[in-house]
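In my numbering, the protein residues as written are 63 to 179.
Beta carbons are placed, not taken as given, at the ideal position from N, Cα and C, and that holds for glycine.
To start, the structure itself, in structure tokens.
Put into structure tokens, the structure is as follows:
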């Protein structure tokens with residue numbers, strides 16, 4: 063939250079909100095609402111990119127990573143996002159991947175990627 067409150071590109075007269083809406087088995091839903099100081103599109107794009115990269119850096123610093131719909135492999139990352147452990151391949155559904163559970167995962171985390179569609 064401090065990152066958003068102290069951001070130089072955001073308007074201090076308007077609201078600056080950052081809320082953790084939900085944590086699910088495979089996702090953390092983060093809501094950000096704020097206004098830029100500048101009114102040009104480039105000001106918005108620059109602020110959005112800076113905020114997203116700042117959130118990414120905070121996640122990596124705490125051992126988390128991003129996943130995609132196509133990702134079927136779980137990698138443990140260090141504080142700056144470098145992979146520190148690469149499993150032999152994707153863990154079969156129902157089998158726990160090597161290493162500790164991802165940060166924020168339930169203690170009964172079963173790994174193996176998202177359930178089949």
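Enclosing beta strand (DSSP E) for residue i [first to last residue]
{"i": "residue 85", "result": "79-85"}
{"i": "residue 92", "result": "90-95"}
Reference residue i, options the options, closest by Cα
{"i": "residue 119", "options": "110, 143, 109 and 106", "result": "143"}
{"i": "residue 208", "options": "121, 140 and 145", "result": "Nothing about residue 208 can be read from this structure; the chain reaches only from 63 to 179."}
{"i": "residue 77", "options": "67, 84 and 112", "result": "67"}
{"i": "residue 63", "options": "96, 86, 85 and 75", "result": "96"}
{"i": "residue 80", "options": "106, 103 and 94", "result": "94"}
{"i": "residue 100", "options": "87, 75 and 116", "result": "75"}
{"i": "residue 128", "options": "106, 105, 92 and 73", "result": "92"}
For residue i: DSSP bridge partner residues
{"i": "residue 72", "result": "98"}
Host alpha helix (DSSP H) of residue i (start-end)
{"i": "residue 121", "result": "103-123"}
{"i": "residue 65", "result": "64-67"}
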